[in-house]
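Numbering (my numbering), first residue to last: 209 to 684.
Glycine residues also receive a C-beta, built at the ideal position from the N, C-alpha and C atoms.
Note sheet for the following structure.
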């Protein structure tokens with residue numbers, strides 16, 4: 209390990225220990241959280257940061273790569289200072305700090321562990337083999353996360369299709385592995401883990417969305433197969449015959465599956481505060497130090513992607529606090545009142561903004577619409593249909609003019625959950641792995657569509673009709 213990287217990891221570990229001690233000491237303050245009214249203009253830093261993330265890489269990638277830490281942390285610091293010195297609401301900041309650390313601990317540990325597993329596939333792939341690999345990626349995305357599954361499979365996928373690689377291979381990989389595949393568990397995609405941190409039970413999502421997931425994944429694999437067969441038939445017959453005799457795949461670094469199991473087990477730990485995150489961090493460190501350097505080299509593994517995610521999401525988590533508070537207190541004034549409207553609203557914004565904060569904003573709005581708090585576990589259970597509103601005394605709205613929680617209120621959470629994950633595939637910037645996959649493909653000299661070419665050639669004719677079908681069948 210390079211001295212600079214080792215120093216950075218030690219500093220990060222020391223900071224994590226200090227934060228863990230502070231959050232444990234302040235657990236009582238977090239439980240006494242109060243949402244205080246905020247001015248609408250406080251959402252400006254949040255809008256500016258998301259706008260910069262979406263636009264700046266296309267305006268001046270060099271400038272953004274060098275200055276994004278300053279933009280993210282300065283905008284976040286402005287909101288933090290306001291909550292400390294003006295609103296005097298430190299418990300709100302402590303709660304968000306805990307959620308941020310939990311989020312980064314999961315994403316980072318899965319990133320490190322998946323980077324220690326190398327899949328070596330030689331030979332040439334036929335269409336049915338591509339479908340099998342993409343289907344496998346959709347499943348394991350729920351255990352490694354969409355980021356981990358993408359980083360594990362994208363290079364082998366490009367390699368076995370090298371003899372006939374086209375842009376659509378990369379796009380469908382983004383559709384299936386980097387996004388839609390991870391809709392079943394909180395580990396699968398960042399938005400769902402944020403919901404888990406708010407109190408959505410781990411297995412609630414899969415129980416409510418598995419049929420939507422199966423339909424959508426099946427449709428995408430079928431469309432890909434039809435396109436791939438058509439293109440496969442255009443290559444010479446000799447190449448087609450070679451593609452029917454691929455080598456057996458070989459895995460190295462499989463000891464990291466044990467560390468993956470530790471991380472998955474830690475997800476279910478909630479007390480004491482920060483024990484879950486410490487276990488995840490320890491598993492990641494152990495994985496990194498016990499994985500041979502040659503495996504990391506083959507995977508072209510480095511910490512740059514997770515460093516960027518950690519810095520940008522530090523700003524996102526801080527700047528979105530006023531937006532979440534405002535939505536919770538004013539959701540009934542927005543005019544978005546049905547699960548279908550939440551499905552399309554979450555989806556449209558998740559296409560162009562990061563889908564994790566978009567999910568949390570609409571989840572909070574759904575609770576606020578019912579006069580409930582997303583940070584109250586009793587309200588959460590009533591909204592999800594786990595407990596009856598009557599048994600918790602929530603049969604009437606908690607806020608005058610709001611909707612009452614009913615036996616059908618869980619559909620709002622279902623709509624937001626499925627939409628945030630699915631629509632993240634609509635653009636390169638909708639979900640974190642999308643741009644990483646594009647970057648890796650371009651480094652491999654695969655010609656990928658431009659930002660607008662991606663939307664015009666693939667999103668509009670393929671995803672939007674499919675998502676409209678989901679709306680008609682399940683939310684209309």
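Taking the CA atoms as reference points, residue 645 sits about 37 Å from residue 577. Residue 414 has its alpha-carbon roughly 33 Å from the corresponding atom of residue 657. Residue 340 and residue 388 do not touch by the CB rule: their CB atoms are close to 17 Å apart, not below 8 Å. DSSP, reduced to helix, strand and coil, places residue 498 within a helical segment of the structure shown.
Counting other Cβ atoms within 10 Å of its Cβ, residue 377 reaches 16 or more and is therefore classed as buried. In the same chain as residue 288, and ignoring 5 residues on each side of it, the C-beta atoms closer than 7 Å to its own belong to 301 and 526, in chain order. Scanning 634, 514, 621 and 565 for the CA closest to the CA of residue 304 turns up 565. Counting the other Cβ atoms within 10 Å of the Cβ of residue 583 gives 16 or more, which makes it buried. Where residue 635 is concerned, there is no enclosing alpha helix (DSSP H), because DSSP gives it neither an H nor an E.
Per the C-alpha coordinates, the member of 405, 636 and 518 positioned closest to residue 481 is 405. Across the structure, residue 430 and residue 284 are spaced so that their CA atoms are roughly 44 Å apart.
Among the bridge pairs identified by DSSP, residue 509 is matched with none. Between the C-alpha atoms of residue 468 and residue 476 there is a straight-line separation of about 14 Å. Residue 441 sits in coil when the DSSP states are folded into three classes, being neither helix nor strand. Annotated as proximal: residue 624 and residue 554, with beta-carbon spacing under 8 Å. Taking a cut-off of 8 Å on C-beta distances, the segment 658–677 does not touch the segment 394–402, as fewer than three cross pairs fall below it. Of the residues 373, 647 and 432, the one whose Cα lies closest to the Cα of residue 508 is 647. Taken through DSSP and simplified to helix, strand or coil, residue 250 comes out as helix. The beta carbon of residue 280 sits closer than 8 Å to those of 257, 519, 520, 522, 523 and 524, all from its chain and outside the five residues before and after it, given in chain order.
Classified as buried, residue 550 has 16 or more neighbouring CB atoms from the shown chains inside 10 Å of its CB.
Rounded to whole angstroms, residue 268 and residue 359 show a C-alpha spacing of 26 Å. An exposed status is given to residue 271, since fewer than 16 other beta-carbon atoms sit within 10 Å of its beta-carbon. Between residue 318 and residue 356, the C-beta gap is smaller than 8 Å, which places the two residues in contact. Sequence-distant partners of residue 614 (beyond 5 residues in either direction) whose C-beta falls short of 6 Å from its own C-beta are missing from its chain. For residue 355, there is no enclosing beta strand (DSSP E); the residue is part of the alpha helix (DSSP H) that begins and ends at 335–368. Burial check for residue 436: the Cβ neighbour count within 10 Å reaches 16 or more, so the residue is buried. Secondary structure at residue 546: coil, using DSSP grouped into helix, strand and coil. The straight-line gap separating the alpha-carbon atoms of residue 546 and residue 439 is approximately 42 Å.
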